[in-house]
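Using the numbering used here, read the sequence shown as starting at 20 and increasing by one per residue.
Even glycine gets a Cβ: it sits at the ideal position worked out from N, Cα and C.
Working notes for the structure below.
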Amino acid sequence: LILAALNITTHVLRPGGTFVAKIFRGKDVTLLYAQLKIFFRTVHVAKPRSSRNSSIEAFIVCLGYNPPADYVPNMANPLMDVPYGPENPIVGSNRVIVPFVACGDLRGFDSDMTYPLEISDCEPYQTRDPTQMPISPPYKRALELKRANFYNKAL
Numbered sequence: 020l021i022l023a024a025l026n027i028t029t030h031v032l033r034p035g036g037t038f039v040a041k042i043f044r045g046k047d048v049t050l051l052y053a054q055l056k057i058f059f060r061t062v063h064v065a066k067p068r069s070s071r072n073s074s075i076e077a078f079i080v081c082l083g084y085n086p087p088a089d090y091v092p093n094m095a096n097p098l099m100d101v102p103y104g105p106e107n108p109i110v111g112s113n114r115v116i117v118p119f120v121a122c123g124d125l126r127g128f129d130s131d132m133t134y135p136l137e138i139s140d141c142e143p144y145q146t147r148d149p150t151q152m153p154i155s156p157p158y159k160r161a162l163e164l165k166r167a168n169f170y171n172k173a174l
């Protein structure tokens with residue numbers, strides 16, 4: 020899917036342009052990175068701090084669009100549709116280590132972690148009511164009727 024987006028991008032992006040796409044990191048991220056380096060000067064794989072650590076989502080940020088001199092955009096055939104695997108591995112200078120950027124303040128709280136309450140010995144823990152009470156959803160009455168078996172009664 021990202022290669023289809025890149026194929027469309029090569030028709031409309033000006034030299035020096037930027038391409039950003041959401042990806043799911045997997046075994047082919049190295050291949051994707053190498054392929055995007057053909058068209059862009061700088062390629063980063065970034066994971067926003069707001070994204071859970073357990074999530075494989077990330078964003079690929081490509082800066083400085085610079086297609087090869089002999090490249091002619093063509094919608095008829097997909098870009099770089101070459102099957103890679105054990106019998107056709109990526110070797111030599113095409114095999115790269117993908118640099119990974121963690122975004123945001125790394126000293127902040129991690130959404131995947133549970134933190135202990137910071138309670139001092141001299142003050143007891145005190146609970147507080149919510150600042151704003153939960154809203155009453157418009158479907159609340161329908162749920163009450165369903166629980167009362169209203170909808171299953173014969174008319």
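Quick check on this structure: which residue in 74, 91, 23 and 41 has the alpha carbon closest to the alpha carbon of residue 63? As a working note, residue 63 is residue 44 in the sequence shown. When only C-alpha atoms are compared, the closest one is 41.
By Cβ distance, which residues of its chain are closer than 7 Å to residue 83, with the 5 residues on each side in sequence left out? As a working note, residue 83 is residue 64 in the sequence shown. The answer, listed in chain order, is 35, 59, 60 and 61.
Would you give the residue range spanned by the beta strand (DSSP E) that residue 77 belongs to? In the sequence shown, counting from the first residue as 1, residue 77 sits at position 58. Here the beta strand (DSSP E) through residue 77 covers 76 to 84.
To the nearest whole angstrom, what separates the beta carbons of residue 21 and residue 51, a pair I think is in contact under 8 Å? As a working note, residue 21 is residue 2 in the sequence shown. As a working note, residue 51 is residue 32 in the sequence shown. About 7 Å; that satisfies the 8 Å criterion.
Determine the direct distance from the alpha carbon of residue 31 to that of residue 133, and round the result to whole angstroms. The residue you call residue 133 lines up with position 114 of the sequence shown. The residue you call residue 31 lines up with position 12 of the sequence shown. Taking the straight line joining both Cα atoms gives about 46 Å.
By Cβ distance, which residues of its chain are closer than 7 Å to residue 56, with the 5 residues on each side in sequence left out? As a position in the sequence shown, residue 56 is number 37, starting the count at 1. Contacts found: 62.
Determine the direct distance from the alpha carbon of residue 139 to that of residue 163, and round the result to whole angstroms. On the sequence shown, residue 163 is found 144 positions in, with the first residue counted as 1. On the sequence shown, residue 139 is found 120 positions in, with the first residue counted as 1. Distance between the alpha carbons of residue 163 and residue 139 is about 43 Å.
Per DSSP, what kind of secondary structure is residue 33 in: helix, strand or coil? Looking up residue 33 in the sequence shown gives position 14. DSSP places residue 33 in coil when its eight states are reduced to three.
According to DSSP, is residue 41 helix, strand or coil? Residue numbering aside, residue 41 sits at position 22 when the sequence shown is read from its first letter. Strand.
Is residue 146 helix, strand or coil when you go by DSSP? As a first step, residue 146 must be located in the sequence shown, where it is residue number 127. Coil, per DSSP.
Straight-line Cα distance separating residue 159 from residue 151: The residue you call residue 151 lines up with position 132 of the sequence shown. The residue you call residue 159 lines up with position 140 of the sequence shown. Roughly 18 Å separates the two Cα atoms.
Starting from residue 48, trace the alpha helix (DSSP H) both ways and give me its first and last residue. The residue labelled residue 48 in the question sits at position 29 within the sequence shown. Counting along the chain, the alpha helix (DSSP H) containing residue 48 begins and ends at 48 to 58.
In or out: residue 169 buried (at least 16 other Cβ within 10 Å) or exposed? Indexing the sequence shown from 1 puts residue 169 at position 150. In summary, residue 169 is exposed, with fewer than 16 beta-carbon neighbours lying within 10 Å of its beta-carbon over all protein chains present.
Using 10 angstroms around the beta-carbon of residue 172, count the other beta-carbons present and answer buried if the total reaches 16, otherwise exposed. To locate residue 172, count along the sequence shown from 1; it is residue 153. Residue environment for residue 172: exposed (fewer than 16 other C-beta atoms within 10 angstroms of its C-beta).
Is residue 88 helix, strand or coil when you go by DSSP? Locating residue 88 in the sequence shown gives position 69, where the first residue counts as 1. Secondary structure at residue 88: coil, using DSSP grouped into helix, strand and coil.
Let's test the definition: count the other Cβ atoms within 10 Å of the Cβ of residue 39 and tell me whether it reaches 16, buried, or not, exposed. Sequence index remark: in the sequence shown, residue 39 carries index 20 (1-based). Within 10 angstroms of the beta-carbon of residue 39 lie fewer than 16 other beta-carbons, which makes it exposed.
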